[in-house]
Amino acid sequence: MPHIVSWLIIESEIPEACIQIGTFFLRENQRCQGEKPADWDDKEYIEDPNDVKPKGYDSIPAEIPDLNAKEPDSWDEDEDGIWKAPKIPNPAYKGPWKRKKIKNPNYKGKWKVQWKDNPEFEDDPDLYVLKPIKYVGIEVWQVKGGSVFDNFLICDDPDYAREVVDEVFANREIEKEAFEEEEKIRKAKEEEEAQRAREEGERRRKERGHDRHHRDRHRDRYRKYRRGYDDHDEL
0 MPHIVSWLII
10 ESEIPEACIQ
20 IGTFFLRENQ
30 RCQGEKPADW
40 DDKEYIEDPN
50 DVKPKGYDSI
60 PAEIPDLNAK
70 EPDSWDEDED
80 GIWKAPKIPN
90 PAYKGPWKRK
100 KIKNPNYKGK
110 WKVQWKDNPE
120 FEDDPDLYVL
130 KPIKYVGIEV
140 WQVKGGSVFD
150 NFLICDDPDY
160 AREVVDEVFA
170 NREIEKEAFE
180 EEEKIRKAKE
190 EEEAQRAREE
200 GERRRKERGH
210 DRHHRDRHRD
220 RYRKYRRGYD
230 DHDEL
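If you read the sequence shown in numbering that gives the first Met the number 0, its first letter stands for residue 0, the second for the next number, and so on.
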């Protein structure tokens with residue numbers, strides 16, 4: 000009786016498989032009972048030996064002159080040489096000739112390597128029994144880091160495993176709601192801080208504008224005073 004294993008991934012069961020498939024010694028192995036017979040023809044189609052190349056086939060050019068082309072009015076034979084019509088693909092050209100394919104009357108199908116009993120195979124009724132497990136390893140390829148793995152359960156009772164899954168899924172919905180609520184609070188705080196930063200920036204900008212205006216007014220007053228002082232010295 001083969002040992003059967005099945006997987007339950009998010010409550011979706013995938014097809015069962017035999018544990019022995021992953022073992023080193025299989026009940027049957029794919030050792031050929033002999034080489035493929037010399038007369039075994041596995042070509043489903045062959046060239047038609049009665050197909051003959053049409054006469055003059057190789058003389059058909061791949062390109063021909065464009066009969067609709069006209070010599071440009073600006074063409075000068077003294078400078079440009081004799082005008083020649085440009086070439087276009089020849090619709091009569093079919094490429095290198097090949098014989099047609101037909102069904103091979105001697106076709107026997109694809110050769111398959113024969114299976115036979117493995118003399119080294121020994122059936123182990125306790126193949127599914129595992130020694131105490133202390134560690135769990137995960138190998139995952141991912142583009143974006145930050146994934147968290149938890150809730151590992153290793154047991155031999157499917158009913159108990161389903162109970163745990165139901166409990167975990169119920170808690171997961173609660174955790175999801177709590178996480179979404181925390182995200183709303185976090186985003187609200189970030190928006191509040193950003194708003195305060197914008198208001199502070201606007202306040203400082205206005206203060207700088209006021210200081211600049213005060214400085215410019217003081218400078219103009221000083222210039223007027225200095226100009227009046229210089230005029231007094233000239234008198």
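Ideal placement from N, C-alpha and C gives every residue a C-beta, glycine not left out.
Legend entry - 8 angstroms Cβ shell around I20 - same chain, five flanking residues per side excluded: Unreliable positioning characterises I20 in this predicted model, as indicated by a pLDDT of 47, which lies under 50. A coordinate reading is not provided.
Legend entry - Proximity to D40 [Cα-Cα], best of K99, Q113, K175 and Y106: When only C-alpha atoms are compared, the closest one is Y106.
Inset, instruction - Within its chain, find whatever has a CB closer than 6 angstroms to the CB of I81; leave out the 5 residues flanking it on each side and keep chain order. - result: Result list for I81: empty, nothing under 6 angstroms.
Legend entry - Sub-7 angstroms separation of K97 and D47 beta-carbons: Going by C-beta atoms, K97 is not nearer than 7 angstroms to D47.
Legend entry - Given 8 angstroms, three or more beta-carbon pairs between the region 75-94 and the region 53-61: Contact holds between the region 75-94 and the region 53-61, because three or more Cβ pairs, one in each stretch, are under 8 angstroms apart.
Legend entry - Option nearest P131 by Cα separation, candidates F148, V163, D155 and I45: Out of F148, V163, D155 and I45, the CA that lies nearest to the CA of P131 is found in D155.
Inset, instruction - Using three-state DSSP, classify D116 as helix, strand or coil. - result: Three-state result, D116: strand.
Inset, instruction - List the residues that DSSP assigns as beta-bridge partners of K102. - result: According to DSSP, which records beta bridges pairwise, K102 is partnered with Y44.
Legend entry - In DSSP terms, what K97 is bridged to: According to DSSP, K97 bridges with nothing at all.
Inset, instruction - Determine, using beta carbons only, whether K35 and W114 come nearer to each other than 7 angstroms. - result: For the pair K35 and W114, the CB atoms are not nearer than the 7 angstroms cut-off.
Inset, instruction - Output the distance between the C-alpha atoms of E192 and R185, rounded to the nearest integer angstrom. - result: Each residue's Cα considered, the two are about 11 angstroms apart.
Inset, instruction - Given a cut-off of 7 angstroms, decide if V167 and N150 are closer than it, judged by their beta-carbon atoms. - result: With contacts defined as CB atoms closer than 7 angstroms, N150 and V167 qualify as a contacting pair.
Inset, instruction - Using only alpha-carbon positions, find the residue among G144, Q141, F148 and I173 that is nearest to V135. - result: Comparing Cα-Cα distances from V135 to each of G144, Q141, F148 and I173, the minimum goes to F148.
Inset, instruction - Have a look at the DSSP bridge pairing and note the partners of P64. - result: Per DSSP, K86.
Inset, instruction - Identify, in the order they occur along the chain, each residue of the same chain with its Cβ nearer than 8 angstroms to the Cβ of F23, setting aside the five sequence neighbours on each side. - result: At F23 the pLDDT is 49, less than 50, meaning the model places this residue with poor confidence; the figure from the coordinates comes in the next sentence. For F23, where only same-chain residues beyond five positions count, there are no Cβ hits under 8 angstroms.
Inset, instruction - Following the continuous alpha helix (DSSP H) through D77, name the residue where it begins and the one where it ends. - result: Run containing D77: E76 to D79, per the alpha helix (DSSP H) assignment.
Inset, instruction - Return helix, strand or coil for A177, following the three-state DSSP convention. - result: A177 sits in a helix when the DSSP states are folded into three classes.
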